[in-house]
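**Student:**
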Amino acid sequence: MEKLAYDFYNRADVLTIARELLGKVLVTQFNGIATAGRIVETEAYAGENDRASHAYGGRRTARTEVMYGRPGTAYVYLCYGIHHLFNVVTNREEVPHAVLVRAIAPLQGIPDMLLRTGRAKPDHSLGRGPGNVSRALGITTRYTGWNLASREMFIAQDGFAPAAAEVAVTPRIGVNYAGEDALLPYRFILKDSPYVSGKKQVRS
DNA sequence: ATGCCGATGTCCT
DNA sequence: GGACATCGGCATC
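Structure follows, in structure tokens:
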């Protein structure tokens, strides 16, 4: 597998990056435990002009500072006091764009993912939803600011590339507070993946 | 299948 | 004090 290079993240169009992250592989190797999953759902957050973004209006806090930093770093923050949500910082420095990874299809280290998430058997909930993604991969806020080309945490390409017909675009989840920006088509999913988050999922 | 609820760090008013 | 890029469990239909 080939790690995504700096130039992949250092681009101006966060929507293109969010779309292209579909099918890529997110890998963690913390404490010698290797786990990996294929990204099947992403959301773009377009920084200062996006009401749904933590950086809306150019807001800078200790938490959001990494979004203003180097493209290709991890922005991990705590949501609702419980869930660690994993994002990829994009665009050049000082432009706080990011892509939230909302779901993965588990590829490697499934027994360790089960241990981390307290499940007995793998099912479609294992990598579904941004909180579950981080739990399965062992990602916590201590890894915010980490380079995504590091040995312990990176995104790679293994040759899988979804066709345009397999990709759907929808509004983002859980951003109703963002007014009109909640309607923007900034969420990208692999249509047929059972791991994609959202309301209706029947099979197990 | 749908809905309510509790958990609870960070940021804002 | 309240809202928030959520989740899982339980109650109810």
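Read in order, the letters of the first sequence correspond to residues 46 to 249 in the working numbering.
Just so it is clear, CB atoms sit at the ideal spot from N, CA and C, and this is done for glycine as well.
Closer than 6 Å by C-beta to residue 54: which residues in its own chain qualify, once you throw out the five before and the five after it? Chain order, please.
**Tutor:** For this step, residue 54 is matched to residue 9 along the first sequence. Result list for residue 54: 116, 117, 135, in chain order.
**Student:** How would you write the range of the beta strand (DSSP E) that residue 151 sits in, first residue to last?
**Tutor:** Looking up residue 151 in the first sequence gives position 106. From DSSP, the beta strand (DSSP E) with residue 151 extends over 142-153.
**Student:** Could you check if residue 49 is buried or exposed, using at least 16 other CB atoms within 10 Å of its CB as the buried criterion?
**Tutor:** Against the first sequence, residue 49 aligns to sequence position 4. Around the C-beta of residue 49, 16 or more other C-beta atoms lie within 10 Å, and the residue is accordingly described as buried.
**Student:** In terms of alpha-carbon separation, which member of 163, 132, 157 lies closest to residue 193?
**Tutor:** Taking the first sequence and counting its residues from 1, one reaches residue 193 at position 148. Ranking 163, 132, 157 by Cα distance to residue 193 puts 132 first.
**Student:** Can you give me the start and stop residues for the alpha helix (DSSP H) that residue 61 sits inside?
**Tutor:** By 1-based counting over the first sequence, the position of residue 61 is 16. Per DSSP, the unbroken alpha helix (DSSP H) holding residue 61 starts and ends at 59-66.
**Student:** For residue 201 and residue 71, what's the separation of their Cα atoms in angstroms?
**Tutor:** Taking the first residue of the first sequence as 1, we reach residue 201 at position 156. Taking the first residue of the first sequence as 1, we reach residue 71 at position 26. Spanning the two alpha carbons is a distance of roughly 7 Å.
**Student:** Name the DSSP bridge partner or partners of residue 101?
**Tutor:** For the purposes of this step, residue 101 is identified with residue 56 of the first sequence, where counting begins at 1. Looking at the DSSP assignment, residue 101 forms no beta bridge with any residue, so it has no partner.
**Student:** Which residue from 87, 111, 57, 76 puts its Cα closest to that of residue 215?
**Tutor:** Counting from 1 along the first sequence, the entry for residue 215 is found at position 170. Minimum Cα distance to residue 215 is reached at 87.
**Student:** Looking at residue 128 and residue 176, is the spacing between their C-beta atoms short of 8 Å?
**Tutor:** As a first step, residue 176 is located in the first sequence; it is residue number 131 there, counting from the start. As a first step, residue 128 is located in the first sequence; it is residue number 83 there, counting from the start. Their beta carbons are under 8 Å apart, which means residue 176 touches residue 128 by this criterion.
**Student:** Rounded to the nearest angstrom, what separates residue 206 and residue 102 at their Cα positions?
**Tutor:** In the first sequence, the residue the question calls residue 206 occupies position 161. In the first sequence, the residue the question calls residue 102 occupies position 57. Near 35 Å, if we compare the C-alpha coordinates of residue 102 and residue 206.
**Student:** Pull up the DSSP beta-bridge partners for residue 82, would you.
**Tutor:** Numbered from 1 along the first sequence, position 37 holds the residue referred to as residue 82. Per DSSP, the beta bridge partners of residue 82 are 71, 151.
**Student:** Ordered along the chain, which non-local residues of its own chain (more than five positions away) have a Cβ less than 6 Å from that of residue 227?
**Tutor:** For the purposes of this step, residue 227 is taken as residue 182 along the first sequence, with counting starting at 1. Answer for residue 227: 220, 221, listed in chain order.
**Student:** Contact defined as beta carbons within less than 8 Å: I believe residue 51 pairs with residue 119. What is the distance between those atoms, to the nearest angstrom?
**Tutor:** Position 6 of the first sequence holds residue 51. Position 74 of the first sequence holds residue 119. About 14 Å; that fails the 8 Å criterion.
**Student:** Is the beta carbon of residue 82 sitting closer than 8 Å to the one on residue 167?
**Tutor:** Stepping through the first sequence from its first residue, residue 82 is reached at position 37. Stepping through the first sequence from its first residue, residue 167 is reached at position 122. No; because the gap between Cβ atoms is not below 8 Å, this pair is not in contact.
**Student:** For a test of the three-state rule: what should DSSP assign to residue 138, helix, strand or coil?
**Tutor:** Stepping through the first sequence from its first residue, residue 138 is reached at position 93. Residue state, collapsed to three classes: coil.
**Student:** Please report the straight-line C-alpha distance between residue 65 and residue 58, rounded to a whole angstrom.
**Tutor:** To locate residue 65, count along the first sequence from 1; it is residue 20. To locate residue 58, count along the first sequence from 1; it is residue 13. In this model, residue 65 and residue 58 are separated by some 11 Å (Cα to Cα).
**Student:** Under 8 Å by Cβ, that's how I've got residue 171 and residue 80 pegged, so tell me the actual separation to the nearest angstrom.
**Tutor:** Here residue 171 is taken as the residue at index 126 of the first sequence, counted from 1. Here residue 80 is taken as the residue at index 35 of the first sequence, counted from 1. Actually they are not in contact, since the Cβ atoms of residue 171 and residue 80 sit about 11 Å apart, beyond 8 Å.
**Student:** Using the three-state DSSP reduction, which class does residue 194 fall into: helix, strand or coil?
**Tutor:** The sequence position of residue 194 within the first sequence is 149, counting from 1. Here residue 194 sits in strand by DSSP.
**Student:** Quick check: the Cα distance between residue 91 and residue 217, rounded to an integer number of angstroms?
**Tutor:** The count along the first sequence starts at 1 and reaches residue 91 at position 46. The count along the first sequence starts at 1 and reaches residue 217 at position 172. Each residue's alpha carbon lies about 12 Å from the other.
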